[in-house]
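J.: Same order as they appear, the protein sequences are chains H and R.
Offset between the first sequence (1-based) and our numbering: plus 643.
Offset between the second sequence (1-based) and our numbering: plus 643.
Where is the CB? At the ideal position from N, CA and C, for every residue including glycine.
Please read all numbers here as calculations on a predicted model, not as lab measurements.
Have a look at this one.
Protein chains: 2
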Amino acid sequence: MLHRTYNDQNCSVARALEVVGERWTILILRDAFRGVHRFDDFQRSLGVARNVLQTRLLRLVDEGLLERRRYQEHPPRHEYRLTPRGEDLWPVLLALMEWGDRHRSAGEAAPRAVHRDCGGALTQRCLCSACDAQIEVGDVELRYDGSGTRAA
Amino acid sequence: MLHRTYNDQNCSVARALEVVGERWTILILRDAFRGVHRFDDFQRSLGVARNVLQTRLLRLVDEGLLERRRYQEHPPRHEYRLTPRGEDLWPVLLALMEWGDRHRSAGEAAPRAVHRDCGGALTQRCLCSACDAQIEVGDVELRYDGSGTRAA
C-alpha cells in the first residue's frame, strides 16, 4: 500500500526539488562550485538565455542558496556566491557526477572531482550514524511515523 | 577563466541531468525505491497527468533505469522495476533527502531513510579513495586534464 498521507509536501526529496529541481538551477550551482560568480561568466558557460539565467539566479538568492554581492561601485556590478545552504548541496552534485561518470560517460573523460591535497578520487559512502555500518541500497528502510532511533 | 572546452557535453553532472533532470523523473525513481511499481500506483502517488507519467516511465525504460516487466497475462499488465543502473542513483536521492530535511523541512517531519537493521539515521560521507581522508567541500578540486591520481 502507498502512504497517501505522505505526499510531496511531506517529502524531503520533493521539497528539495522545489528549489533545485530544474536542470539550469543545478548547472548554475555546479558552476558556482567551480568558481563561476559573475552573470556574464555563467551565461557563457551555460549558453542559457539571459532572462532565464536572471530568473534562476534571483530565485537562488531568494531561497538563500546564493548571495548577491556588489564587487564594483561605478558602474555597480554584482556577483553570486554560494551561501552555507548552497554549499550543503555539494553531496548532491557529487552523487550526480559519480552516476554520470559511471553510466553516461560513453568513454569520454569528464572533469573529475578529486581530493585537493593528494589528487585521489572521491567516493561517497553511506554510513549508519548509530552502528557505523556501511549502508547499501538494500539496507535502507523508509520510516513514515517518527519511529526509529535518531543518531546518538 | 572558465574552461570553455568542457561544456555540458563533457560534464558528468550535465550528462546525468539529461536523464534525471526533471522533477517528475526523480520523484518516479523515489517512488520506485520505496516500493511503487505499477502505473496506477505511481499515478496516485504523484498526481501527475497520465500521459506525462507514461512518457517519463518509457524514457526511464529506454535509458535503462527501469525495467518493464509483465506481471499478468490476461489482460496483460506491466510493472516497472529499478535496474542496477537505476539503483545506483540512490546516493543522489539520499543527498537530496538530507538537504531537504536540513533546509526545507519547516519543522515538519518527513519520511526518513534509516538503517533497516538498527533504525539508525543514515549519513553520507565523502572520502578520498587514495588517502582515506574525510572530504569537506573546501577539500575538493575539479581536474579537467586527466591529471591527478586515480584511486589505488
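(1) Within this structure, are the beta carbons of residue 675(H) and residue 723(H) separated by less than 8 Å?
(2) Spatial neighbours of residue 690(H) within its chain, please: CB distance less than 8 Å, with the 5 preceding and 5 following residues excluded, ordered by chain position.
(3) Which residues in chain R sit within 9 Å of residue 695(H), going by Cβ to Cβ distance?
(4) Which residues in chain H have a C-beta closer than 7 Å to the C-beta of residue 730(R)? List them in chain order.
(5) With a threshold of 7 Å on Cβ separation, who are the neighbours of residue 794(H) within its own chain once the five nearest residues in sequence on each side are excluded?
(6) Any C-beta of chain R sitting closer than 8 Å to the C-beta of residue 787(H)?
(7) DSSP has residue 756(R) in a bridge; who is on the other side?
(8) For residue 720(H), which residues from the same chain have a beta carbon less than 8 Å from its beta carbon, with the 5 sequence-adjacent residues on both sides left out?
(9) Where are the beta strand (DSSP E) runs, 3 residues long or more, that stay fully inside the segment 663 to 739 of chain H, in chain order?
(10) Thinking just about the alpha-carbon of each residue, which of 770(R), 756(R) and 705(R) is nearest to the one in residue 787(H)?
(11) Express the C-alpha separation of residue 717(H) and residue 733(R) in angstroms, rounding to a whole number.
(12) Can you say whether residue 650(R) is buried or exposed, counting buried as having 16 or more other CB atoms within 10 angstroms of its CB?
(13) Return yes when the Cβ of residue 664(H) is within less than 8 Å of the Cβ of residue 666(R), no when it is not.
(14) Going by the CB atoms, is the gap between residue 706(R) and residue 662(R) shorter than 8 Å?
(15) If you count every other CB in all the chains shown that lies within 10 Å of the CB of residue 738(R), and 16 or more means buried, which is it?
(16) Start and end of the beta strand (DSSP E) containing residue 767(R)?
(17) At 7 Å on the CB atoms, spell out the chain R contacts of residue 726(H), in chain order.
(18) Going along chain R in order, which residues have a C-beta closer than 9 Å to the C-beta of residue 683(H)?
(19) Listing by chain order, which chain R residues have their CB less than 7 Å from the CB of residue 666(H)?
T.: Put simply:
(1) By 1-based counting over the first sequence, the position of residue 675(H) is 32. By 1-based counting over the first sequence, the position of residue 723(H) is 80. Using a Cβ distance threshold of 8 Å, residue 675(H) and residue 723(H) count as a contacting pair.
(2) Residue numbering aside, residue 690(H) sits at position 47 when the first sequence is read from its first letter. Non-local beta-carbon contacts of residue 690(H) in its own chain, meaning distances under 8 Å to residues more than five positions away in sequence, are absent.
(3) Here residue 695(H) corresponds to residue number 52 of the first sequence, with the count starting at 1. Going along chain R, no residue has its Cβ under 9 Å from residue 695(H), so there is no contact; the nearest lies around 15 Å.
(4) As a working note, residue 730(R) is residue 87 in the second sequence. Close partners of residue 730(R) in chain H (Cβ separation under 7 Å): 780.
(5) Counting from one through the first sequence, the residue named residue 794(H) turns up at place 151. Confidence in residue 794(H) is poor, its pLDDT being 39 and thus under 50, which makes the residue's placement unreliable; the coordinate value appears in the next sentence. Excluding residues within five positions, the ones whose Cβ falls inside 7 Å are 772 and 773.
(6) Against the first sequence, residue 787(H) aligns to sequence position 144. Interface residue, yes.
(7) Position 113 of the second sequence holds residue 756(R). The partner list for residue 756(R) (beta bridge, DSSP) reads 785(H).
(8) Stepping through the first sequence from its first residue, residue 720(H) is reached at position 77. When the five nearest sequence neighbours on each side are left out, the beta carbons in the same chain lying within less than 8 Å of the beta carbon of residue 720(H) are those of 681, 713 and 714, in order along the chain.
(9) Within the segment 663 to 739 of chain H, the runs of beta strand (DSSP E) at least 3 residues long that lie entirely inside it are, in chain order, 709 to 715 and 720 to 725.
(10) Locating residue 787(H) in the first sequence gives position 144, counting from the first residue. Residue nearest to residue 787(H) within the set 770(R), 756(R) and 705(R) is 756(R) (criterion: CA-CA distance).
(11) Here the question's residue 733(R) lines up with position 90 in the second sequence. Here the question's residue 717(H) lines up with position 74 in the first sequence. Taking the straight line from one Cα to the other gives about 48 Å.
(12) Within the second sequence, the letter at position 7 stands for residue 650(R). Reliability fails at residue 650(R), whose pLDDT of 48 lies under 50, so the model's placement of it is uncertain and no value is given.
(13) Position 23 of the second sequence holds residue 666(R). Position 21 of the first sequence holds residue 664(H). At a Cβ-Cβ threshold of 8 Å, residue 666(R) and residue 664(H) count as neighbours.
(14) Looking up residue 662(R) in the second sequence gives position 19. Looking up residue 706(R) in the second sequence gives position 63. Cβ atoms of residue 662(R) and residue 706(R): closer than 8 Å.
(15) As a working mapping, residue 738(R) is identified with position 95 in the second sequence. Counting the other Cβ atoms within 10 Å of the Cβ of residue 738(R) gives 16 or more, which makes it buried.
(16) Numbered from its first residue, the second sequence carries residue 767(R) at position 124. Note, residue 767(R): beta strand (DSSP E), 765 to 771.
(17) Sequence index remark: in the first sequence, residue 726(H) carries index 83 (1-based). Those do not exist, as residue 726(H) stays about 10 Å from chain R at its closest Cβ, beyond 7 Å.
(18) Here residue 683(H) refers to the residue found at position 40 of the first sequence. In chain order: nothing, as chain R lies at least about 10 Å away.
(19) In the first sequence, the residue the question calls residue 666(H) occupies position 23. Those are 660 and 664, listed as they occur along chain R.
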